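J.: Just so you know, the sequences run in chain order L and C. Taken in order, the first sequence gives residues -18 to 758; the numbers are from this note's numbering. Taken in order, the second sequence gives residues -18 to 758; the numbers are from this note's numbering. Virtual Cβ for every residue (Gly too), placed ideally from N, Cα, C. Only a predicted model underlies this, so the values are computations on that prediction, with no experimental measurement involved.
2 protein chains.
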Amino acid sequence: MSGPYLSAADPTAVTLSGGHLTIVVVVAAVALLALAVAGGLVREVLAAGQGTERMQNIAKAVQEGAAAYLTRQFRTLVLFVVLIPFLLLLLPADTTGVAIGRSLFFVVGALFSALTGFMGMWLAVRGNVRVAAAARQSGEKAAMRIAFRTGGVAGMFTVGLGLLGAAVVVLIYKGDAPAVLEGFGFGAALLAMFMRVGGGIFTKAADVGADLVGKVEKGIPEDDPRNAATIADNVGDNVGDCAGMAADLFESYAVMLVASLILGKIAFGTEGLVFPLIVPMVGVITAIIGIFTTSPRSGDRSGMTAINRGFFISAAISAVLVAVAAYLYLPGSFAELTDVSPAIAALDSDPRLIAIGAVLIGLVLASAIQILTGYFTETHRRPVREIGESSLTGPATVILSGISVGLESAVYSALLIGGAVYGAFLLGFGNVTVALFAVALAGTGLLTTVGVIVSMDTFGPVSDNAQGIAEMSGDVEGEGARVLTNLDAVGNTTKAITKGIAIATAVLAATALFGSFRTAVETELGRASESVREALGSFSTFSLSVDSPNTLVGLVVGAAVVFLFSGLAIMAVGRAAGRVVLEVRDQFRRKPGIMDGTEQPEYGRVVDICTRDSLRELATPGLLAVLTPIAVGFALGYAPLGAYLAGAIATGTLMAVFLANSGGAWDNAKKLVEDGHHGGKGSEAHSATIIGDTVGDPFKDTAGPAINPLIKVMNLVALLIAPAVVANADNVALRIGITVVAVGIVVGAIVFSKRQSANVAPAGNSRQERTREPVGG
Amino acid sequence: MSGPYLSAADPTAVTLSGGHLTIVVVVAAVALLALAVAGGLVREVLAAGQGTERMQNIAKAVQEGAAAYLTRQFRTLVLFVVLIPFLLLLLPADTTGVAIGRSLFFVVGALFSALTGFMGMWLAVRGNVRVAAAARQSGEKAAMRIAFRTGGVAGMFTVGLGLLGAAVVVLIYKGDAPAVLEGFGFGAALLAMFMRVGGGIFTKAADVGADLVGKVEKGIPEDDPRNAATIADNVGDNVGDCAGMAADLFESYAVMLVASLILGKIAFGTEGLVFPLIVPMVGVITAIIGIFTTSPRSGDRSGMTAINRGFFISAAISAVLVAVAAYLYLPGSFAELTDVSPAIAALDSDPRLIAIGAVLIGLVLASAIQILTGYFTETHRRPVREIGESSLTGPATVILSGISVGLESAVYSALLIGGAVYGAFLLGFGNVTVALFAVALAGTGLLTTVGVIVSMDTFGPVSDNAQGIAEMSGDVEGEGARVLTNLDAVGNTTKAITKGIAIATAVLAATALFGSFRTAVETELGRASESVREALGSFSTFSLSVDSPNTLVGLVVGAAVVFLFSGLAIMAVGRAAGRVVLEVRDQFRRKPGIMDGTEQPEYGRVVDICTRDSLRELATPGLLAVLTPIAVGFALGYAPLGAYLAGAIATGTLMAVFLANSGGAWDNAKKLVEDGHHGGKGSEAHSATIIGDTVGDPFKDTAGPAINPLIKVMNLVALLIAPAVVANADNVALRIGITVVAVGIVVGAIVFSKRQSANVAPAGNSRQERTREPVGG
C-alpha cells in the first residue's frame, strides 16, 4: 500500500463531456420510466374489485391505522431531517457548494426513503383487500397477479427514486458528486433505520400481544375478530414489513450506489462515475421484465416457482446486458480511461473484464443467498423438519434447535458474503483501489435484482393481510381461503430471502466505504499540524491495524453495539407487547360480550398503543446508532473508529442472519406442525412451536432487519466525522466534551426507556395481582 | 510504530544472574508450597464423616461414573497429546533445543491441565458426600468449611502447577523461555478446551435429559432416585463444572503467564522475565490466606458474604504485596533495567509505577466483573426479577427477556474489559511494547485472585452434588436440607462470576499475544525472499489494517467461527439429551415398578450414553478450533489470520458473556418463582421459567464457557504457524494443499456429526411413533 492509496485526479477537472453526459441523462430517463411503470401498476391494482362491504370496512380500518402511524412517525422524524442538515454544515467540506449540496441531498435522501416506504405501504393497504377479493372470485392466478403487482410498485419506487437521486447528483456536481452523495446516502439510511425500528416494534408488539392473549390464553385462532389486537396486527404488517422494508431496500440501493460512485471516480475516472449508474439502469429494465413475466403458469408446483422464474430470468438478462454495456462503454485498457491518476493508467489489465467479473460475483451471490436461505427456512427442508421434530420434547428443545440452526446458517451466509468480497478483491490484482471498486460493483450487481426482490417481499405482507381480511370478514371460504394460505406461505419464504440480500448489501457497501474512510483520513493527515501529528503518535500514518490494543478495543465496542442494539430492540418489543396484552385482557374483562360476539372490541385503542410505544421506543436504538461512532471517534481516535466499523460489520452480519433465519425457521416449523405433523394443530407439539414462533417474531422482524440500516448509518456517520476526528486529535477539551455529551445522551436514553418500562409494569405483587386477575377471571 | 516494534536484545544473552535466579527459585518453591497446602486440604476433607450407608453408595456411584468418564476422555485425547508434539517439530524454531523444549512442554502443559481437572474432580466427588454428612450432623458452618476446602484443592493445584511450569521453563531456558512457553500454553489450552466441551456436553445432556423426562413429563422432582438420569446428572456436575472448569482456569492462568513472560522479556528485559512470576507468587500466598480466612461468621447474612470477604481480602492483600514487590525488585527508570534494547532504555518513565498500575487495573477489573455479574444474575436484583415477571405471560416472554438481559449484560462486560485494556494501553505512554506488557500484567493482576476464584467455583458443583446425594438418599432432612439449599444457591452465583473472570483473561491474554504475533511475522518478513515479498504485495510490511477487504474477510470468518462453535455445542447437547430422553423413557416403560419404587432404574446405562456421546461430539468443535486458523492463514495470508483472531476475540467475548449471563439469569428466575413469587412451584409461571432454565443450560455450561479456551487455542495455533504462513506465501501449491486438507477435515466432521444425529433420530413418522409412544403409554 505504498504511495497514494486512493488518489483521484483533481475532482473539479472531471467533466462529463458528450457521450458520458448523454448516458447519465438516459439513466435519469430510465429512472423516470420506472416511476411511470409504478403509476401504471397502481392504476391496474386499484381497478380490481374490492369484495364485500365487510371486507372493505376491515381494509379501511387497516388503511386508517397505517396512515395514522406513518403520519405520526414522519412528524416525529421531522426534527432529525431539519436538525441534521445544519449539523452537517459544521463538518469540513471541499467547497461551500459541496457542503450545501450535502445537506440538501441529505434531505432529499430522507424524503425519497420516506416516500418509497409510504408509497409501498399506501398501495399495500389497498392491494390486500383486492387480493382477498380476487381469491374469492377469480382464483389463485388473479390473486397472485394483484399481489405481485402491488409489490411491483414498491420495487419500481425503490429503484426509480434511488437511480434518479444518484443520476441527478452526478449531473449537477460531476467530480464533486461523491461528497454530496454521502449526504444523500446518510439521509436515506437514517430514515430507513428509524422506519425499520419503529415499524418493527409496532408490528411485533401487535403480533406478539395478539398471540399471547388470543392464541395462548383464550384459545381463539389468529386474526379472530374478537381479538382487539387484530387490526393493529394487520396495520403492523404494513408499517413494518412493507413500509419499513421498502425504505430499507431503498436505502441499501442508494448507499450501494453512493459507495460505487465514490470509488468509481478514483478507480476508473469519469467512466467510473458513469458505469455504476449503467448497471442499476440495466437492473431497472430487467426488473420491469421480471415483474411482468411473473405470473403463474399451469405447470407450476407453487407460487414460489413463478417467483423464482421471475428472479432468475431477470438475473440472467441482467448479466448479459451488463456484459454488453461494459464492452460498449468501457475501454479495453486502464490507460484509455478518462481523468485517472498515472498509477491507475499504468495498470496492465482490462477494465471491462474486471467490471463484468464483479457484477457477475454480485449476481451469483444474490442467487446463492436465495438458495441457502431457502434451505434453512423452507418448510420441508431438513433444518425446519428437525426443529419440528424437537417439538416432541417441548418448547425448550424447539428454542435450542432453532437457535443452533440460526447460528449455523449465519455462518454459511457470512462465508458466502465473505467469499464474494474476497473474489471481488482478487479482481483488483493487487491494486487496492481497483479491488474496492470491484467490491462496490459486485454490490451494484447484487442490486440489479432489487426491483424483483422488493416486489417479492411486499408480496408477503400483502398476502398476509389478505388472509387476515378474509379471516376476519368470514366472507372468503373454501377454494379462496386455500389460495390465500398458499400465498401467505410463499410470502414467508420471500421475506427471509430479502433479509439475506439486504445484509449482503450492507457488507459490500461497508467494505467499499472503507476506501472513502481511508481517503478522508489520509487527506486530513496530510494537512495535520505538528501538534496533531504528535497527538496521533504512531497513528500519524494511516493504520487500522488491530494488533494495537486501542484499535482492538474499538473493534470490541463495534461488535458490542450490535449486541446492545439487538437487545434493546427485542426488549422494546417485549415492553410494548406487554402493554398490548394488558389492554386486550382489559377489553375482554370490561366487555364480556366480546367472546360471544355481542360486543365489538375497540381496535383503535390497540393501534394507538402500538403507535405511541413504537415511536417512543425507536429513539434509544436510533441515538445509539448515530452517537456511538461519534463517541468512539472523538474519545479513542480514527483507528479505533475504523476498527469499530469492522467489528460492527462482522458481528452485525452474523447477528442479522442469525436473527432472520432462526425466526423464519421457527415460523415455518409451526406451519409444519399445523400441516398435521407431530400431532398437528392443538397438540403439545403445536404449542411448543407457537412459543418458538413468538420468540422468533422480534428476532426476524424487529432486531434482525434493522441491523442492515444500522451498519450503513454508523458507516456514514464515521465517514462524515473522520476529518474532524483527525483534525482535532490534539484538542483534548473538545474531544472530552463531545464524548461526554454523546455518551451522556445514549446512557440517558437507555435509562429513560427502562424507567418507562418500570412505570408501566411496576414490579412486585401489585402488578402480579393486576395482570393475573384477568387471566383467572 | 516506526522502528523495530518488539525487538529484544539477543535472547541467548539473557542470563539469570544472582538475585534474579534466586527469585525464580523462590517462585518455584512457593508453587510447591501451594501443592503441599493442597495435600493438607485433601487430608482434612477426607478425614470428615461420610454419612449414612445409602449416602455413601450414591456417592460411590457418582465417583465411579466420573472416574470412568475421565479415564475414557483421557484415553481419547492421548492421540492429540502424542501426535501434536511431532507436528510442532515441523514448525520453524530458533534452535533445535527450543523446538524440542516446545514439544516437550506442550505435553507437560497438557498433563498439568489434565491433572488439575482430575484432582479437582477426584476430591469433589469425595467432598460432596462429606458436605452432605456435615450438613446433616454439624450444621452450615461445618458443611461450608468442607465445601470451600474441597474447592481449595482445585484452586491450589491450578496456581501451583501453573506457576511451577512457568518457573521451571524460565529456569531451564532463560532467554529462550518465551518460545518454549508457547508450547506449554498450547498444551494447557488444548486439553482444557476438550475437557470444557466434553464435560459441558456430558453435564448438560444428562441435566436436560433428566429434566425433560423427570420434571416435565413425569412430574417428579429434581434428583428423584426414580429418574435413571440422576446419577449421570451428578456425574456431569463433576466432569463439567468441576474438572472442566478447573482445567479451563489452569489454562487461563498458564496462557496469561506465557503472554506476560513473552512480552516482559522485550519490554522490561530480564526483570520482565521475572516480575510476571512474582505477581502470581503473591497471588498464591494471598489465595492461601483467602482459603483459610473463608469461614462463615455468626453475623453473616449468607454464605456469599463469607466468600466475598475471602475474595476482597485476598485482592487487597495482593495489591499491597505487589506494590511492595515492585518497589523492592524493579528499578526506578527504564535505563536501569537489565538487557533491554536502547529504545526501551531511553523511555522516560518509572517501570515500577507502570507495573503497579497495570496490576491494579487487573484487580479492579476482577472486582468490577464480580459486581456486574452479580447484578445481572442474582435472584433479587432487577434483571432477574423482570425475567421472573415475564413468566406471567408465558415461556416465550421468559425466553425473550432472558435473551435481551444476556445481550445487554454482555455489552457492559465487554466495555469493562475493553476499558481495562485501554487503561493498561495508556500506561505505555505511546510505546506499544510497554503498553502490551501492561495489558499482560493487568492479566496477571486479575489472576492473583484465581486461587480463590477456583475455590469459589468448585464450591458450586460440590454443594449441588451434596444436595443431590441428600435428596436421593432421603437421609438429610429439616435444618440439614435447608443448609444444603442455601449452599447450592451460593454456588450458582459464584459459577457465573468465574465465567466472567475467565473470559476477561482470554481477552487480556489474546490482546497481549498480538505483540508476539507481530514479532513472529516481522521477523519472518525480515528474512523473506524476493518472491515471497512479491507474493505478499503491499503486505510485505506488517499490517493488520482492516480497511483492506481481504483482512476484513478474515475478521468476518473469525467472528463466524464463534457462532459456529456455539451452534455446534448447543446442537451436540440437544442430540445427546435426546438420546438420554429415549433411554429414560425406555426404562420407565420396561420397568413399570420404577415409579412406585419396587424396581431400580439402571443408572449406569445413562452414564454410558453421556460418556460415549460427549466424547464423540467434542471432536467437531475441537477440530474447528485447531484447523480453522490454519486454513485462514494458509489460504488468505497472515493479515487475514491476525484479523481473524481479532474477530474471534470481539465476538467471542460478547457471545461468552451473553451465554453465561442469560443462562445464569434464567436459572435464578426459576429459583425466584420456586421461592413463591408469581404463583410459586407448580404454577404456569414455574413451567415457563423451567423452560427458560432448560434453554439456558447448554448456554451457560456448554457453549459459553468453552469460548474462553477456544480463543486461546486459536491464538496459540496462529502464533505457532505465523512464521510458516509468511515463509510460504509464494508456495501456492502447499497453501492450497494445507487449506484443502484443513477445510476438508472440518467439513467432514460437521457432516459426520449431523449424519450421526440422523441415524439415532431418523426423521419422519417412524421416529415420531417411537418417541411418542412411551409418553402416551
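Examine chain L for any beta-carbon lying closer than 8 Å to the beta-carbon of C:E503, and answer yes or no.
T.: For C:E503, the nearest beta carbon of chain L is not closer than 8 Å to its own beta carbon.
J.: Buried or exposed, going by whether 16 or more other CB atoms sit within 10 Å of the CB of C:T425?
T.: buried
J.: Taking the alpha helix (DSSP H) that L:C591 belongs to, which residues open and close that run?
T.: Y584 to E598
J.: Hey, L:N649 and L:T360 are a contact pair by Cβ (cut 8 Å); roughly how many whole angstroms apart?
T.: 5 Å
J.: With H, G and I counted as helix, E and B as strand and the rest as coil, what does DSSP make of L:S(-2)?
T.: Looking at L:S(-2) - three-state DSSP - the assignment turns out to be coil, as it is neither helix nor strand.
J.: In chain order, what residues of the stretch 395 to 410 of chain L put their CB closer than 9 Å to some CB of chain C?
T.: Those residues of the stretch 395 to 410 of chain L placed with their C-beta closer than 9 Å to a C-beta in chain C are A395, L396, I398, G399, G400, V402, Y403, A405, F406, L407 and G409, ordered along the chain.
J.: From L:I201 to L:V301, what does the alpha carbon distance come to, in whole angstroms?
T.: 53 Å
J.: Hey, is C:N473's beta-carbon within less than 8 Å of any beta-carbon in chain L?
T.: no
J.: At the 8 Å Cβ level, is C:R499 part of the contact set with chain L, yes or no?
T.: yes
J.: Put L:S119 into one of helix, strand or coil per three-state DSSP.
T.: L:S119: coil per DSSP, three-state reduction.
J.: Measuring alpha carbon to alpha carbon, tell me which of L:V676, L:E203 and L:P690 ends up nearest L:R177.
T.: That would be L:P690, whose Cα lies nearest to the Cα of L:R177.
J.: May I ask which residues mark the beginning and end of the alpha helix (DSSP H) holding C:P576?
T.: Reading off the sequence shown, one finds Met at residue 576 of chain C, where the question assumed Pro. Unbroken run through C:M576: none, as it is neither H nor E.
J.: Can you tell me whether L:R56 is buried or exposed? The criterion is at least 16 other CB atoms within 10 Å of its CB, across all chains shown.
T.: exposed
J.: Where does L:F733 land, buried or exposed, given buried means 16+ other C-beta within 10 angstroms?
T.: By the neighbour-count rule (16 or more Cβ atoms within 10 Å), L:F733 is not buried but exposed.
J.: Output needed for C:A306: all residues of its chain with C-beta closer than 7 Å, excluding positions within five of it in sequence on either side, in chain order.
T.: I259 and V263
J.: Please determine if the stretch 375 to 386 of chain L and the stretch 553 to 566 of chain C are in contact, where contact requires at least 3 C-beta pairs separated by less than 8 Å.
T.: yes
J.: Could you give the DSSP three-state label for C:L529: helix, strand or coil?
T.: The amino acid at residue 529 of chain C is misidentified as Leu; the sequence shows Ser. Looking at C:S529 - three-state DSSP - the assignment turns out to be coil, as it is neither helix nor strand.
J.: Classify C:L328 as helix, strand or coil using the three-state DSSP reduction.
T.: coil
J.: Using the beta-carbon count (16 or more within 10 Å), is L:S510 buried or exposed?
T.: exposed
J.: What do you get for L:F67, buried or exposed, if any count of 16 or more other CB atoms within 10 angstroms of its CB means buried?
T.: Answer is exposed; the Cβ neighbour count stays below 16.
J.: What are the residues in the stretch 508 to 528 of chain L lying within 7 Å of chain C by C-beta distance?
T.: G518, S519, S524, L525, S526, V527 and D528
J.: Between the Cα of C:A703 and the Cα atoms of C:I671, C:A612 and C:G645, which residue gives the shortest distance?
T.: Closest option to C:A703, Cα to Cα, is C:A612.
J.: Need the endpoints of the alpha helix (DSSP H) that L:A516 sits in, please.
T.: For L:A516, the enclosing alpha helix (DSSP H) stretches over residues E511 to L517.
J.: What did DSSP end up calling C:E580 once you bin it into helix, strand or coil?
T.: Residue state, collapsed to three classes: coil.
J.: Roughly how many angstroms lie between the CA atoms of L:E34 and L:P582, to the nearest whole one?
T.: 19 Å
J.: At which residues does the alpha helix (DSSP H) containing C:D188 begin and terminate?
T.: A158 to D192
J.: From the beta carbon of L:E750, is the nearest beta carbon of chain C less than 8 Å away?
T.: Model confidence at L:E750 stands at a pLDDT of 34, short of 50, so the residue's coordinates are unreliable and nothing is read from them.
J.: Rounded to a whole number of angstroms, what is the C-alpha to C-alpha distance between L:G461 and L:T579?
T.: 28 Å
J.: Is the stretch 620 to 634 of chain C in contact with the stretch 492 to 502 of chain C, if contact means three or more CB pairs nearer than 8 Å?
T.: Yes, the stretch 620 to 634 of chain C is in contact with the stretch 492 to 502 of chain C.
J.: Report, in whole angstroms, the separation of the C-beta atoms of C:G432 and C:V265, which I expect to be a contact under 8 Å.
T.: The pair is a contact, with the Cβ atoms about 6 Å apart (cut-off 8 Å).
J.: I'd like to know whether the C-beta of C:S330 is nearer than 8 Å to at least one C-beta of chain L.
T.: no
J.: Is there a Cβ of chain L sitting closer than 8 Å to that of C:E389, yes or no?
T.: Cβ-Cβ to chain L under 8 Å: yes for C:E389.
J.: Look at the alpha carbon of C:V5 and the alpha carbon of C:T319, and state the distance between them as a whole number of angstroms.
T.: Cα atoms of C:V5 and C:T319: separation of roughly 16 Å, rounded to the nearest angstrom.
J.: Relative to the C-alpha of C:F520, which candidate in C:C223, C:V502, C:V607 and C:E25 has its C-alpha closest?
T.: Residue nearest to C:F520 within the set C:C223, C:V502, C:V607 and C:E25 is C:V502 (criterion: CA-CA distance).
J.: Once the 5 residues before and after C:A297 are set aside, which same chain residues still bring their CB inside 8 Å of it?
T.: none
J.: The alpha helix (DSSP H) with L:H667 in it runs from where to where?
T.: It spans E665 to P679 - the alpha helix (DSSP H) in which L:H667 sits, taken as one unbroken run.
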